[in-house]
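In our numbering, the protein residues as written are 75 to 248.
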């Protein structure tokens, strides 16, 4: 009866809260936030982790497509706009990497995956996606490339020195 219905509802609400808490923890650990864009109203919903990645407090930021674009690194705006223009016709999920600017002017690198959801008439109605902060990986890769370039330069200099020393020895021996 009624007591059973209430008990089942409380059990379902408790399970839902636990599931939401696990999802928040998984997003925090993976440094991956999620978002949901209503294409018609252009309003977005952000997860807690996405607010952390962008360094914006929930409620302090108007979650719209236009306000999101204002946070994108200016050099990456054309990439974002092009991805958005071409995505409604694309099947399956899409991926892109772009940079954002934090409130204090630092640059962060994001890896974004998203899908477009179409209504029954085939028009795009929603976009669902994730954004992962990959700044550490990008900076580590740049550091490795820089070290490799420096190493290559030193190898070339050493080789030139050895060739010059060999020539000197040859002329001396001659």
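Positions of the beta carbon are idealized from the N, C-alpha and C atoms, including for glycine.
Can you tell me where the alpha helix (DSSP H) holding residue i begins and where it ends?
i	result
residue 246	209 to 247
At a cut-off of 7 Å, is residue i close to the ligand MG when judged by its beta-carbon and the heavy atoms of the ligand?
i	result
residue 161	No copy of the ligand MG occurs in the structure displayed, which carries no ligand at all.
Out of curiosity, what's the CA-to-CA distance linking residue i and residue j?
i	j	result
residue 236	residue 225	16 Å
residue 124	residue 239	59 Å
residue 158	residue 198	12 Å
residue 291	residue 85	As shown, the chain starts at 75 and ends at 248. That puts residue 291 outside it, with no answer to give.
residue 94	residue 103	14 Å
residue 195	residue 142	28 Å
residue 179	residue 228	35 Å
residue 77	residue 83	10 Å
residue 233	residue 116	60 Å
Return the bridge partner residues of residue i from the DSSP annotation.
i	result
residue 188	168, 203
residue 118	111
residue 183	173
residue 138	117
residue 162	According to DSSP, which records beta bridges pairwise, residue 162 is partnered with nothing at all.
residue 146	174
residue 198	192
Which stretch, first to last residue, makes up the beta strand (DSSP E) that contains residue i?
i	result
residue 108	106 to 112
Assuming the contact rule is C-beta atoms closer than 8 Å, residue i and residue j should be a hit. Round their C-beta distance to whole Å, please.
i	j	result
residue 200	residue 112	6 Å
residue 108	residue 203	7 Å
residue 127	residue 146	Contact flag wrong, Cβ pair sits at about 13 Å.
residue 122	residue 98	6 Å
For the segment 185 to 198 against the segment 131 to 146, do three or more pairs of beta-carbon atoms, one drawn from each stretch, fall closer than 8 Å, so that the two count as touching? no
How about the segment 204 to 215 and the segment 96 to 107: do they share at least three Cβ pairs that are nearer than 8 Å? yes
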